[in-house]
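In the numbering used here, the protein residues as written are 1 to 335.
Take a look at the structure set out below.
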Ligand code: FES
Ligand SMILES: [Fe+2]
């Protein structure tokens, strides 16, 4: 994962009040639950006592109770009760669960991949969809989330993988694409054309477009296809582990103002979107290694600029975070 980022990992409705839920996300087995105010809590799914999973336990008095010996932990991971020591017995600080900063926004649960802070940046969701209604579907792919992101930034595969759907116009020539990177956001203007014998225009030679970008990608895992002011698709590539990703596809629309009909319209659009995503799946899960990175042997053409930029900046963010990291001896002793 890229350190010090908000990753969207689940849709909010996947964690209901009243019980803990186990999900593998961010390469960890995690337990998600809601405290008495229904605020989301995210912990490593392991009890610090004898390392059983916490997720089969219960919620008791706003705490999570381990199923094994009944220890209770609060929303900050602190131990509130060790039944065997008695209600007023000792609760040594070594019984501390690992808790992740988490919040909810735009109907997603976001988890922070770094040390807790006093102030956090906003979640990296895309702007301009506040008046839209949406419908979501999700699909698990057997590959690392970086491959999914590469796939949605790939502008030259359209007439091949999607020859019967979104690439049926046969625009095999990739001019540009004009691509920018600013504030951890990539913007791509697709300008593919049918091949009439002219050479492709290099990304650096395409003049700056005056239209909105076709694709937006906000690090670490939010992507948007902008079709027009009324229609957009958003994909969240939620990392599960090194070989699995949960993909959330949202179809956003604001042509139909009635929320019920609008949602129905968005849902119908997702039948097509699901088919298009399925066209990608077989080829993308076949890419090896499962995790994309610079220096894994891939070679790029000019039209791959968004992908190359994604990988390079991802690497830069990881390296910058490692440089910021305090040396091991400077770390505070937790217990
Ligand atoms: S392992 Fe959880 S209370 Fe003992
Ligand atoms: Fe595709």
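Cβ atoms here follow ideal geometry from the backbone N, Cα and C, with glycine treated the same way.
Predicted, not measured: the structure shown is a model, and the values here were computed from it.
Residue i: CB within 7 Å of a non-hydrogen atom of ligand 1
i: residue 79; result: no
Any non-hydrogen atom of ligand 2 closer than 7 Å to residue i Cβ
i: residue 161; result: yes
i: residue 157; result: yes
i: residue 197; result: no
i: residue 151; result: yes
i: residue 280; result: yes
Where the alpha helix (DSSP H) through residue i begins and ends
i: residue 272; result: 259 to 285
i: residue 316; result: 305 to 324
i: residue 338; result: A query on residue 338 cannot be resolved here, the shown segment of the chain reaching from 1 to 335 and no further.
Start-to-end residues for the beta strand (DSSP E) that takes in residue i
i: residue 139; result: 133 to 141
i: residue 81; result: 79 to 81
i: residue 235; result: 231 to 241
i: residue 108; result: 108 to 112
i: residue 158; result: Careful: residue 158 lies outside any beta strand (DSSP E), inside the alpha helix (DSSP H) at 158 to 161.
i: residue 217; result: 215 to 218
i: residue 209; result: Looking at the DSSP string, residue 209 is not in any beta strand (DSSP E), and its letter there is neither H nor E.
i: residue 175; result: 173 to 182
i: residue 95; result: Segment: none, residue 95 is in no beta strand (DSSP E) and carries neither H nor E.
i: residue 186; result: 185 to 193
i: residue 228; result: 222 to 228
i: residue 10; result: 6 to 11
i: residue 250; result: 244 to 253
i: residue 23; result: 21 to 25
i: residue 103; result: 102 to 105
Any C-beta of chain C under 8 Å from that of residue i
i: residue 164; result: Absence of chain C from the displayed structure is noted, only one protein chain being present.
Ligand 4 heavy atom lying under 7 Å from the CB of residue i
i: residue 150; result: What this structure holds is ligand 1 and ligand 2, not ligand 4.
Report yes or no: do the region 95 to 111 and the region 3 to 20 share at least 3 C-beta pairs separated by less than 8 Å? Yes, they touch.
Do three or more CB pairs link the region 227 to 237 to the region 129 to 146 at distances below 8 Å? Here the region 227 to 237 makes contact with the region 129 to 146; the two share three or more CB pairs at distances below 8 Å.
Pocket of ligand 1 (residues with CB nearer than 5 Å to any heavy atom), chain order: In chain order, the residues that have a beta carbon nearer than 5 Å to some heavy atom of ligand 1 are 47, 49, 50, 52, 66, 68, 69 and 71.
Contact between the region 309 to 319 and the region 266 to 276 (3+ Cβ pairs under 8 Å): The region 309 to 319, when compared against the region 266 to 276, does not touch it at the 8 Å Cβ threshold.
So, do the region 160 to 172 and the region 41 to 50 have three or more beta carbon pairs nearer to each other than 8 Å? Because the criterion of three Cβ pairs below 8 Å is not met, the region 160 to 172 and the region 41 to 50 do not touch.
Under 8 Å, with one C-beta from each stretch per pair, do the region 171 to 191 and the region 202 to 209 reach the 3-pair mark? Judged by Cβ distances under 8 Å, the region 171 to 191 makes contact with the region 202 to 209, as three or more pairs qualify.
Segments assigned beta strand (DSSP E), at least 3 residues, entirely inside the region 28 to 66: Every unbroken stretch of the beta strand (DSSP E) spanning 3 or more residues and falling wholly within the region 28 to 66 is given here in chain order: 28 to 34, 40 to 44, 58 to 60 and 63 to 65.
Taking 8 Å as the threshold, find out whether the region 235 to 254 comes into contact with the region 88 to 103 through three or more Cβ pairs. Touching, no, given that fewer than three Cβ pairs across the two stretches are closer than 8 Å.
Contact between the region 22 to 42 and the region 58 to 69 (3+ Cβ pairs under 8 Å): Contact between the region 22 to 42 and the region 58 to 69 is established, with three or more Cβ pairs separated by less than 8 Å.
Counting pairs of Cβ atoms below 8 Å between the region 247 to 257 and the region 111 to 124, do you hit three or more? Fewer than three Cβ pairs drawn from the region 247 to 257 and the region 111 to 124 lie within less than 8 Å of each other, which leaves the two stretches out of contact.
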